[in-house]
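The opening residue of the sequence shown carries number 7 in my numbering; numbering runs sequentially from there. This report refers to the structure that appears directly beneath it.
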Amino acid sequence: MTRYRQCRLSLWPMTTATPSASRREHKWARKTGLIDDPYAWLLEQKDPEVLSYLGQENDFADAWFVQHNSNVEAIFEEIKTRVKEDDETFPVLHNGWWYSSRTLTGQAYALHARGATLETASQELLLDENLEAAGHSYFSLSAFEVSYSNRLLAWSSDTDGSEKYTLRVRNLDTGTDLDDIVPNTTWGGVAWSRDDNCLFYVVPDDAMRPWQVWRHRLGTPASSDLLVFEETDERFFVGIGSTRSGKWITIESSSKTSSETWLIDASAVETDPVCVAPRRNNVEYQVDHWGDSFAILTNLDAQDFCVMLADESTPGQWRNFITHTPGERITGFDCFENHAILQRWQKGQQVLAVVDRAGTLSDIHITKEPHEAELDVNPDWASTSVRLSYQSLTTPATVATYDISSTTLTTLKRTEVLEVDLSCYVSERVWATSDDGTRIPVDYVRHRDTPLDGSAPALVYVYGAYEISTPPWFSIARLSLLDRGWIWALAHPRGGGEMGRQWYENGKLLNKKNTFIDTIACATHLADTAVCDGTKIVIRGGSAGGLAVGACITMNPERFSGAIAEVPFVDVTNTMCDPSLPLTVTEWEEWGDPR
């Protein structure tokens, strides 16, 4: 394959002066006393001095890109040559129809279609996002839900970036939208009644928190819609969905630490929702329908979650089914007519398992290297196979089907990467040791020609918050970095969920410092074992991962030669002290309430 080492990016020298925000006297009054904040003046987004400073930063960045334009353009073109613009999803069977989506060269958005057979899945065009986006500077599709009769499509879109979606209903026989228009719904799904007459949707409050579920009857104005559920506790977000069996509509209200589910019979939608179990502090649960029972995934007396069953007639009376295993966090339990799929993290690796009615688990073996493994779209309740997706640092996103009776895994589609020999890349998992002796997993990938002699530069990526587990993923753009002799590493510090719920607990609130210490330990381990040059390590993270970036370069500036902090959440204390900001109240359980 062609190597591109001649296009190296040099960060220095720069001819434009580096801008610097001035420090100004400001004190915040807190219960603990006065707090110095010399950069508080930057909060005034419309202040001319703030705008001037931001302009200097933008000018500085623009000057760098002008200086290195030839390299930037070369790498951009290199990445483009590897991307196949014309692409189509592998069709999925749903209620007798095969559905697919595709993108075409030169078009920004997808086309969604269906057909009566696998071979004709792109025959009947249902929705062309490019047509719907015409005339708008922004377009985002959210809901896309076909009714049980296969005749109606509920779809929603945001055309101004407000994150408020307008819900519409399309007659698939004629290809035209009905008069039903529901504005200001949230991002996410909708739920149909079995008779196609009603739609359930969610609306946000003034802080954009999903908080109400409404029922719309087709053929009536949105102003006459009925409020079905309202969540007044600002810590809780509301979501709507349907069980795969199609029998129940679910309303889930959840905070960072507890949840509550309500059920509506999809064939009798005018009945009141039934609460499965009243919310309890620090108890989370999710509900799926399984034959004449409900399956409940919960952390009740099970820190890393267990699965319990309940009869349809008494959904609040739970009995044990799959027991809790400390350190192996169960993240999903999806029910089909004759089996279920359990999703869990085991020793820092995602694992899928088939579960029969007796509770016997049979793991699905995919690949030996660290990888992401998740359920793909599986709407067919009676299916005897399961469709899954996986990828790794060296394997592009892959859709496969697993036959339950024969235990065979068959690849359906793999993202095509052009003009690249993927066998030239190798990945490995190693374990760093943090300051308190805790072993921290870190995955890395390199070009096979890059020596492990301590000479290679490295980029370490980190997130480590909200119990969000970050499995290894494939990136076409990353190949250009690897081709230039870089190591790319993914740290899994405490604060994420890769090693179980306690792993998360040990990296939040007063334990948050562990996230930063662990990340530094990962970088140090790569240097000490000659995977990379310890003087050439760049750290990268976004949002809460940007917080880790800021903390790491502050705690150990000598460890890192560069930092990429993308929309970093680095003013935690001030943000958590202002409940008027969107999401602050819901975040107190993650960061604490410093007021």
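Each residue gets a CB set at the ideal place from its N, CA and C atoms; glycine is no exception. Remember, it's a predicted structure, so these values are computed and weren't measured experimentally.
As the crow flies, the alpha-carbon of Cys430 is around 10 angstroms from that of Leu488. Runs of the beta strand (DSSP E) lying entirely within the stretch 170-258 and spanning at least 3 residues, in chain order: 171-177, 182-191, 204-210, 216-223, 232-236, 243-248. Cβ neighbours of Pro321 within its own chain (closer than 6 angstroms, five residues either side excluded): Val282, Phe300.
Here Val313 is buried: its Cβ has 16 or more other Cβ atoms, across all protein chains shown, within 10 Å. Note that the C-beta distance between Gly338 and Gly470 is not below 8 angstroms. Judged by pairs of C-beta atoms under 8 angstroms, the stretch 553-571 does not touch the stretch 475-483, as fewer than three such pairs exist. Residue state for Phe327 is assigned as strand, using DSSP reduced to three classes. In the three-state scheme derived from DSSP, where H, G and I count as helix and E and B as strand, Leu458 is classed as coil.
According to DSSP, Thr109 shares a beta bridge with Asp93.
Between Asp577 and the set Pro44, His142, Arg30, the nearest pair of CA atoms involves Pro44. For Trp47, the closest of Arg36, Lys37, Leu60, Thr38 by C-alpha to C-alpha distance is Leu60. Under the 10 Å beta carbon count, Ile187 is surrounded by fewer than 16 other beta carbons and is classified as exposed.
In the DSSP assignment, Glu130 forms a beta bridge with Arg120. Non-local C-beta neighbours of Glu318 in its own chain, meaning closer than 7 angstroms and more than five positions away in sequence, comprise Asp298, Ser299, Phe300, ordered along the chain. In the structure shown, Cys528 adopts helical secondary structure according to DSSP, grouped into three states. Exposed is the label assigned to Ala140, since fewer than 16 other Cβ atoms lie within 10 Å of its Cβ. Residue burial annotation: Asp449 is buried, with at least 16 other C-beta atoms found within 10 angstroms of its C-beta. The C-beta distance from Val209 to Trp220 rounds to 6 angstroms, short enough to fall under 8 angstroms. Distances from the CA of Asp93 to each of Pro463, Gln355, His118 were compared; the closest alpha carbon is that of His118. In chain order, Ala406, Tyr408 place their CB closer than 6 angstroms to the CB of Leu415, counting only its own chain and leaving out the 5 sequence neighbours on each side. Around the C-beta of Leu465, 16 or more other C-beta atoms lie within 10 Å, and the residue is accordingly described as buried. Restricting attention to alpha helix (DSSP H) runs no shorter than 4 residues, the stretch 447-525 encloses them at 482-488, 507-511, ordered along the chain. A contact between stretches requires three or more CB pairs, one per stretch, nearer than 8 angstroms, and the stretch 449-464 meets this requirement with the stretch 489-505.
Per DSSP, Gln309 lies in no alpha helix (DSSP H) segment and is marked neither H nor E. A distance of 8 angstroms or more separates the beta carbons of His295 and Trp324. Separation of the CB atoms of Phe66 and Pro25 is rounded to 5 angstroms, and the pair is thereby assigned contact status at 8 angstroms.
Within 10 angstroms of the beta-carbon of Tyr207 lie 16 or more other beta-carbons, which makes it buried.
8 angstroms or more divides the Cβ of Ser251 from the Cβ of Trp161.
Residue range 590-597 is occupied by the alpha helix (DSSP H) that includes Glu595.
From the listed residues Ala438, Ser199, Gln356, Gln309, the smallest Cα separation to Ala533 is found for Ala438.
In this structure, Pro216 places its C-beta atom within 8 angstroms of the C-beta atom of Gly245.
In this structure, Tyr291 lies near Thr304, with their beta-carbon atoms less than 8 angstroms apart. In the DSSP assignment, Ser395 falls within the beta strand (DSSP E) that extends over 391-398.
DSSP, reduced to helix, strand and coil, places Leu424 outside both helices and strands of the structure shown, so it counts as coil. Of Ile257, Arg286, Ser261, the smallest CA-CA separation from Ala272 is found for Ile257. Contact check for Lys262 against Glu596 passes: the beta carbons are separated by less than 8 angstroms.
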